[in-house]
Structure formats: structure tokens, C-alpha cells
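Below is one structure, written out as C-alpha cells, with a few remarks after it.
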Amino acid sequence: MIVQKIPVSILGATGTVGQKFVRLLAAHPWFEIASVAASAQSAGKRYGEVVRWRESTPLPERIAAMTVQAADPGIPGRITFSAIEAEIAGQVEQAFARAGAYVVTNTKTHRMEPDVPLLVPEVNPGHLDLLPRQQRERGWSGGIVANPNCSTAGLVLGVAPLHQAFGIEKIFVATMQAVSGAGYPGVASLDALGNVIPYIGGEEEKLEQETAKILGSFTAGAVDPAGLVTSAHTNRVPVVDGHLEVVSLGFGRRVSPEEAIAALEGFRAPVDVAALPSTPARPVEYDARPDRPQSRLDLDRGAGMTVTVGRLRRCPLLDLRLVLLSHNTVRGAAGAAIQNAELLVQRGYVAR
Ligand code: NAP
Numbered sequence: 612m613i614v615q616k617i618p619v620s621i622l623g624a625t626g627t628v629g630q631k632f633v634r635l636l637a638a639h640p641w642f643e644i645a646s647v648a649a650s651a652q653s654a655g656k657r658y659g660e661v662v663r664w665r666e667s668t669p670l671p672e673r674i675a676a677m678t679v680q681a682a683d684p685g686i687p688g689r690i691t692f693s694a695i696e697a698e699i700a701g702q703v704e705q706a707f708a709r710a711g712a713y714v715v716t717n718t719k720t721h722r723m724e725p726d727v728p729l730l731v732p733e734v735n736p737g738h739l740d741l742l743p744r745q746q747r748e749r750g751w752s753g754g755i756v757a758n759p760n761c762s763t764a765g766l767v768l769g770v771a772p773l774h775q776a777f778g779i780e781k782i783f784v785a786t787m788q789a790v791s792g793a794g795y796p797g798v799a800s801l802d803a804l805g806n807v808i809p810y811i812g813g814e815e816e817k818l819e820q821e822t823a824k825i826l827g828s829f830t831a832g833a834v835d836p837a838g839l840v841t842s843a844h845t846n847r848v849p850v851v852d853g854h855l856e857v858v859s860l861g862f863g864r865r866v867s868p869e870e871a872i873a874a875l876e877g878f879r880a881p882v883d884v885a886a887l888p889s890t891p892a893r894p895v896e897y898d899a900r901p902d903r904p905q906s907r908l909d910l911d912r913g914a915g916m917t918v919t920v921g922r923l924r925r926c927p928l929l930d931l932r933l934v935l936l937s938h939n940t941v942r943g944a945a946g947a948a949i950q951n952a953e954l955l956v957q958r959g960y961v962a963r
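Numbering (my numbering), first residue to last: 612 to 963.
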């Protein structure tokens, strides 16, 4: 049990993901927000003054009163949650890691680097063992740990039980992604409303590459990507939160829908991961109702950390097809990073 809370900082604290961090960390049993940072435009001002608070719970007074810092190493916090734009994340996150902080990042910048753990704790917690190599090779006392892109987070967790049980060889996925995935103000309302935009820059590549890394095996100090092929189509739809994905899967052998549903229903996190505060009791829930999951109705299962799967049936093109839903700013961003930080503490990288 952690008696004294671990001080943490948030980079990009005024943004969409940053606000979700503030909300989730404000009541966290292990962590306490020690500093909030954003761009030079916001630095030096009170957080409550500069943030356009978009969460549905009130902004905690203690955080509203904090002075926003510039994103410089040395700001208070032994763990640094990063939700800044990818263009600046490389330099900033590396500077924090060099200075001894553990950076838990949402940004794409370091995800595919061979010494950076790209984690979904229920699926590949062992990949955290890349960290000593990263520290040794880069000469850092801190380190960088990444969570996947928001659409990949839902896909990987939703299909991991099937990959573990039967071995997936092919994935076809088409996404319907919420506008909050583009940050704030993000997609202009005149583009988003009453419309579907069949393009999200870089998203298809992320789904295709990150999925293989996360489902890969960790051997001899390196991640060997899973030998599966993913074909992704990504679309922006006029939904506030929640990424819905329709998926077809090909296996090396015949798998019946009944076997696959049993694998989904029987899936649990490894025992130590299940004990983390942010791990939901059921990381994957199967809903047998014919019109579920739905973005508005099923988004908050497991406090936004559960992926809901439904409509599992035979596929005439591959073997099986299904629909899955995940919360893009919780399981796909802030909640995932907080769970990664909990794993860092549990595995002894950050002292309690
Ligand atoms: P956002 O709403 O646009 O917020 C960007 C944040 O970065 C703001 O706090 C901004 O501060 C800060 N910032 C900008 N320039 C900076 C600088 N030079 N130094 C320090 N801070 C700076 O973006 P978001 O949607 O939260 O996304 C943040 C990151 O998470 C991105 O890399 C994104 O790709 C990734 N991500 C987002 C989602 C999602 O669902 N939204 C999911 C997964 C990953 P100011 O307010 O001062 O400008």
C-alpha cells in the first residue's frame, strides 16, 4: 500500500488529454499532481485561467490555483505524463528522461523505437523489461514508456484474447473515430457535423505497425513483432468520445464463434496487472445483444478502461468478424498512461 503519494507532473496539461489526466489523477490513490506544464503562451499563468475545461466534473480548486510551468526538466514530479504534440515531444521527453524522470507518453514520437516499451499492461507487461536496456544504451537514469495510439489501444486489447488463444494471422479493421481524438479545438464543426471524413493522417500506419509490436514476443532483450498483417481504414465521425471499430480476423486454423466468445469472456489481466488501481475487473467485455456496442451507451464501462466487443460472427472473407468500442481519451490516452505508470511503480522502477 502506498501511504505517501508519488508526485507527478503533466506536460500538455491544458489540452484534451491533459485535462483527462488532471481529472483522473486528482483522485488517484498512488499519485499526486505536483506540477502542470503547457506551452510558453500558458506558462506563468494560473491553470484555471488558461484551461478551457471540457471535462464533465468540476475542475479541482487545488489544480485551478496552480501556476502553469514551462515544459522544462526540473519541474516537480518523479513521473511525467506527456500529452504534447508529437513535433515537440522528442526533444522535451528525452530531456526529462535524461534528467531522471520516468516519462509516460501518449505521443507517437518514441512508440516504435526498438528500446521503448509500447504497453497495454493486460497484454504485454513483460515488454517493460526493455527499460533497463534503454537506460543502459542511452545513459539515462529515467526512461520513456509509451501507450499506443487511441485506435490501436482498443483494437489490440479487444483482439488479444483471440490472438493468445488461436493466433491471428490477418486483421482487417475499419474505424469510426470520435472528434475528441483530434484534440481541442480539433476538427472544425463545419467539417465534422453531419459528415464522415475518410482520412486521419498517419492513423492507418499506426494501427498496422503498433499492433504487431504490442502483440509481439519479448525475447533476448528485444521485441519480435507478431507475424500478422493488418489492413486499416480510418474514418472521423461526428461523435464526441469513443472509437468504434469493425474488425475481420483470419486465423491459422478454423475457429468457431462459440470458441472465440468463450476466449473473450474468459480473458483476465495477469494477477499483478489486475491489482493495479486503473485495471478494470473485466478489461474486455463481450456483449451479446445484436445492436451493441454503441458509442454513447457502452463507452464508460470499467471507468472507460474496458473494451466492449460484440457482434462476433463468421466472416465470409476471413474467418470471424466483430465490432469493438473503446474510450479514446481514457483507454486510448490518459487512463492507459496512468495504468502504465502504476506498472512502473509495481515493478519497482519508481520507488514508493
Ligand atoms: P491538444 O488538445 O491540442 O493539447 C495540446 C497540449 O500541448 C496543450 O496543453 C498545449 O498547451 C501543449 N503544448 C503545445 N505546444 C507546447 C510546447 N511547445 N511545450 C509544451 N506544451 C505545449 O492535444 P491532445 O489531443 O490533448 O493530444 C496531445 C498528444 O496526445 C498528441 O501528441 C496526440 O497525438 C496524443 N494523443 C491524443 C489522443 C486523443 O484522443 N486526443 C489519444 C492518444 C494520443 P497550450 O494550451 O499552452 O497551447
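Glycine included, C-beta positions come from ideal geometry on N, C-alpha and C.
- Comparing C-alpha distances from GLU816 to each of GLY794, ALA843, LEU839 shows the shortest one belongs to ALA843.
- Taking C-beta atoms as the reference points, ASN806 and ALA948 fail to come closer than 8 Å.
- Going by beta carbons, VAL679 and VAL703 fall outside the 8 Å limit.
- Separation of the CB atoms of VAL858 and LEU936 is rounded to 11 Å, and the pair is thereby denied contact status at 8 Å.
- At the C-beta level, ILE617 and VAL961 come within 8 Å of one another.
- In this structure GLU869 is exposed. Its beta-carbon is surrounded by fewer than 16 other beta-carbon atoms within 10 angstroms.
- The residues VAL790, in chain order, have a CB closer than 6 Å to that of GLY797 in the same chain once the five nearest residues on each side in sequence are set aside.
- Within the stretch 706-773, the complete beta strand (DSSP E) runs of at least 3 residues fall at 713-716, 754-757.
- Partner residues in the beta bridge of TYR897, as assigned by DSSP, are VAL920.
- Relative to the ligand NAP, even the nearest heavy atom lies 7 Å or more away from the CB of ASN806.
- Each residue's CA atom was taken as its position, placing LEU923 and ARG932 some 6 Å apart.
- Shown here, ALA638 sits in coil according to DSSP, grouped into three states, outside any helix or strand.
- Excluding residues up to 5 positions away in sequence, PRO684 lie with their Cβ nearer than 6 Å to the Cβ of ALA710 in the same chain.
- Cβ contact annotation for GLU643 (same chain, cutoff 8 Å, sequence separation greater than five): LYS616, ILE617, PRO618, VAL619, LEU636, in chain order.
- Residue pairing by DSSP places ILE779 opposite PHE862 in a beta bridge.
- Under the criterion of beta carbons closer than 8 Å, THR890 and GLN957 do not qualify as touching, at roughly 11 Å.
- SER650: not part of any alpha helix (DSSP H); DSSP gives it neither H nor E.
- Going by DSSP, ILE949 is part of no beta strand (DSSP E) but of the alpha helix (DSSP H) stretching over 945-957.
- Taking the Cβ of ILE699 as the reference point, at least one heavy atom of the ligand NAP falls within a distance shorter than 7 Å.
- Beta-bridge annotation (DSSP): ARG963 is not paired with any residue.
- Distances from the alpha-carbon of GLU696 to those of THR841, ALA793, ALA676, VAL647 put ALA793 closest.
- In this structure, the alpha-carbon of SER906 lies about 43 Å from that of ARG747.
- Beta-bridge partners assigned by DSSP to MET787: LEU855.
- Residue pairing by DSSP places PRO684 opposite ILE686 in a beta bridge.
- Taking C-alpha positions only, ASN717 is separated from LEU622 by approximately 10 Å.
- Per DSSP, ARG912 has no beta-bridge partner at all.
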